[in-house]
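Protein chains in written order, with the working numbering: chain A, 55 to 257; chain B, 55 to 257.
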């Protein structure tokens with residue numbers, strides 16, 4: 055492909071992502087259509103169908119792209135595609151990632167579309183299955199991998215199930231974001247990591 | 055009030071609760087109306103307005119009643135209005151309550167209406183605020199109270215913030231239920247309590 059055409063494609067792609075995220079945030083997932091996304095992005099419907107087969111696919115990629123942009127904007131401190139860092143200091147590594155996740159959840163560009171998608175998922179288990187598998191599970195798997203490495207390094211007890219331990223870190227953020235049960239900030243992220251690693255009972 | 059009229063009222067009230075829960079599960083919160091609930095319950099609209107001022111109020115009370123029924127059906131093992139038991143054994147007490155919560159979340163009578171309400175809450179922060187305050191916060195407060203008692207008894211470190219510690223127990227259940235990120239059963243509830251109390255790092 056010639057460089058000019060590549061640039062043009064990249065611009066259309068970004069415009070389509072932005073249109074899809076804006077629409078789903080404004081009118082919800084059920085009322086968002088490929089036609090609506092095309093009109094808002096100022097491209098033909100066929101341009102979208104050339105790259106994607108469904109609105110679900112467009113949205114999924116738009117979210118992945120948004121996550122990458124958010125990570126870049128945060129100064130490259132941490133990006134999901136790098137996995138969870140392994141500096142040997144499990145507590146510090148988990149705190150870094152949880153604080154970055156708090157920032158992403160509080161990012162206004164993310165808020166409305168993510169909330170619309172999450173609402174659709176909560177009310178529609180078939181949809182949830184697909185989106186949770188595509189958007190949420192890969193991030194959750196990063197925690198499992200990091201916890202397994204920590205087990206190898208003797209920093210997490212070997213009999214701990216990493217799929218359950220993972221939830222101690224990610225679920226509290228998810229619930230505060232989904233249901234507004236309390237403030238979602240860096241101090242919260244740090245405390246969660248400490249309590250989950252060392253327990254709340256006296257040691 | 056004469057006994058006959060009390061019985062009749064109680065029957066109408068239960069029919070209205072059942073109609074409200076069924077409708078919200080079938081067509082979602084936004085399309086559920088007082089008129090629809092009245093028609094389904096076989097009562098006049100005025101009967102509903104005599105007792106409640108909005109569909110939100112009807113639904114809230116219907117959920118509280120459903121919780122009480124579920125607790126009764128479970129053989130009175132644990133009912134939310136009793137608070138979290140304090141037998142002196144924090145681990146056992148939390149496990150009892152978390153297992154009962156898992157049973158309630160998996161109860162098919164609860165599933166559809168609760169999911170419809172939760173979806174509305176996730177997508178509509180103003181609505182969420184009201185419902186979280188009325189339905190979720192009182193249960194969450196029970197954990198805070200029990201954790202404070204445990205701090206008094208030397209079973210939880212005094213510097214632990216009970217509002218954050220609470221989330222280690224309740225948020226994982228909430229996320230598995232809301233987003234289907236893993237199995238939600240008694241074994242899960244038990245492990246969560248153990249990890250949160252004693253930590254996942256070697257002691």
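Every residue, glycine too, gets a C-beta built ideally from N, C-alpha and C.
Proximal residues to residue i (C-beta, below 6 angstroms), its chain only, five neighbours per side dropped
{"i": "residue 74/B", "result": "91, 112, 113, 116"}
{"i": "residue 119/B", "result": "71"}
{"i": "residue 188/B", "result": "114"}
{"i": "residue 137/B", "result": "196"}
{"i": "residue 96/A", "result": "none"}
{"i": "residue 207/B", "result": "none"}
{"i": "residue 253/A", "result": "none"}
{"i": "residue 296/B", "result": "The structure shown does not extend to residue 296/B, since chain B is modelled only from 55 to 257, so the question has no answer here."}
{"i": "residue 215/B", "result": "none"}
{"i": "residue 82/A", "result": "170"}
{"i": "residue 106/B", "result": "112"}
{"i": "residue 122/A", "result": "none"}
Limits of the alpha helix (DSSP H) - the one that residue i falls within
{"i": "residue 226/A", "result": "216-233"}
{"i": "residue 26/B", "result": "Residue 26/B is absent from the model: chain B starts at 55 and stops at 257."}
{"i": "residue 98/B", "result": "It is not in any alpha helix (DSSP H) - residue 98/B carries neither H nor E in the DSSP assignment."}
{"i": "residue 317/B", "result": "Residue 317/B is absent from the model: chain B starts at 55 and stops at 257."}
{"i": "residue 157/B", "result": "144-160"}
{"i": "residue 213/B", "result": "It is not in any alpha helix (DSSP H) - residue 213/B carries neither H nor E in the DSSP assignment."}
{"i": "residue 182/B", "result": "179-185"}
Same chain only: Cβ atoms within 8 angstroms of residue i, ignoring 5 sequence neighbours per side
{"i": "residue 80/B", "result": "166"}
{"i": "residue 211/A", "result": "205"}
{"i": "residue 84/A", "result": "174"}
{"i": "residue 61/A", "result": "none"}
{"i": "residue 203/B", "result": "140"}
{"i": "residue 149/B", "result": "243, 244, 247"}
{"i": "residue 147/B", "result": "138, 139, 140, 141, 200"}
{"i": "residue 94/A", "result": "73, 76, 77"}
{"i": "residue 104/A", "result": "none"}
Same chain, Cβ closer than 7 angstroms to residue i, neighbours up to 5 away in sequence not counted
{"i": "residue 224/A", "result": "194, 197"}
{"i": "residue 162/B", "result": "none"}
{"i": "residue 240/A", "result": "153, 156"}
{"i": "residue 99/B", "result": "88, 89, 92"}
{"i": "residue 159/A", "result": "227, 231, 238"}
{"i": "residue 110/A", "result": "184"}
{"i": "residue 209/B", "result": "144"}
{"i": "residue 78/A", "result": "86, 113, 167, 170, 171"}
{"i": "residue 235/B", "result": "229"}
{"i": "residue 217/B", "result": "198"}
{"i": "residue 102/A", "result": "70, 88, 91, 92, 112"}
{"i": "residue 186/A", "result": "175"}
{"i": "residue 255/A", "result": "none"}
{"i": "residue 108/B", "result": "none"}
{"i": "residue 250/B", "result": "222, 223"}
8 angstroms Cβ cutoff, residue i in contact with chain C
{"i": "residue 219/B", "result": "Of the protein chains in the structure, A and B, none is chain C."}
Query raised in the report: Looking at chain A, which residues of the segment 179-201 of chain B have a Cβ within less than 8 angstroms of any of its Cβ atoms?
Result: Going along the segment 179-201 of chain B in chain order, one finds 179, 182, 183, 186, 190, 191, 194, 201 with a Cβ nearer than 8 angstroms to chain A.
Query - Interface residues of the segment 218-230 of chain A facing chain B [CB-CB below 7 angstroms] - result: 218, 219, 221, 222, 225, 226, 228, 229
Report task. Inspect the CB distances between the segment 226-234 of chain B and the segment 218-233 of chain A and report whether three or more fall short of 8 angstroms. Result -> Two segments are said to touch when three or more pairs of C-beta atoms, one from each, lie closer than 8 angstroms; by this definition the segment 226-234 of chain B touches the segment 218-233 of chain A.
Report task. Anything in the segment 94-107 of chain B with a Cβ closer than 8 angstroms to a Cβ of chain A? List those residues in chain order, please. Result -> none
Query raised in the report: Quick check: the segment 166-178 of chain A against the segment 168-188 of chain B, are there 3 or more CB pairs under 8 angstroms?
Result: Counting Cβ pairs under 8 angstroms, three or more are found: they touch.
Query raised in the report: Taking a cut of 8 angstroms between CB atoms, which residues from the segment 205-219 of chain B lie near chain A?
Result: 208, 209, 210, 211, 214, 215, 217, 218, 219
Query raised in the report: Quick one: any contact between the segment 239-256 of chain B and the segment 59-69 of chain B, if contact means 3 or more CB pairs under 8 angstroms?
Result: no
Query raised in the report: Of the residues that make up the segment 232-245 of chain B, which ones have a beta carbon closer than 8 angstroms to any beta carbon in chain A?
Result: 232, 233, 234, 235, 236, 242, 245
Requested in this report: Determine which residues of the segment 144-164 of chain A have a Cβ less than 9 angstroms from any Cβ of chain B, and write them out in chain order.
Outcome: For the segment 144-164 of chain A, the residues whose beta carbon sits under 9 angstroms from a beta carbon of chain B are, in order, 144, 145.
Report task. May I ask you to list, following chain order, the residues of the segment 57-88 of chain B that have a beta carbon less than 8 angstroms from some beta carbon of chain A? Result -> 82
Requested in this report: Note down, in chain order, all residues in the segment 246-257 of chain B with a beta-carbon under 8 angstroms from any beta-carbon belonging to chain A.
Outcome: 246, 249, 250, 251, 252, 253, 254, 255, 256, 257
Query - Short-range partners of chain B found in the segment 111-123 of chain A, where Cβ spacing is below 7 angstroms - result: Under the 7 angstroms Cβ criterion, the segment 111-123 of chain A contributes no residue.
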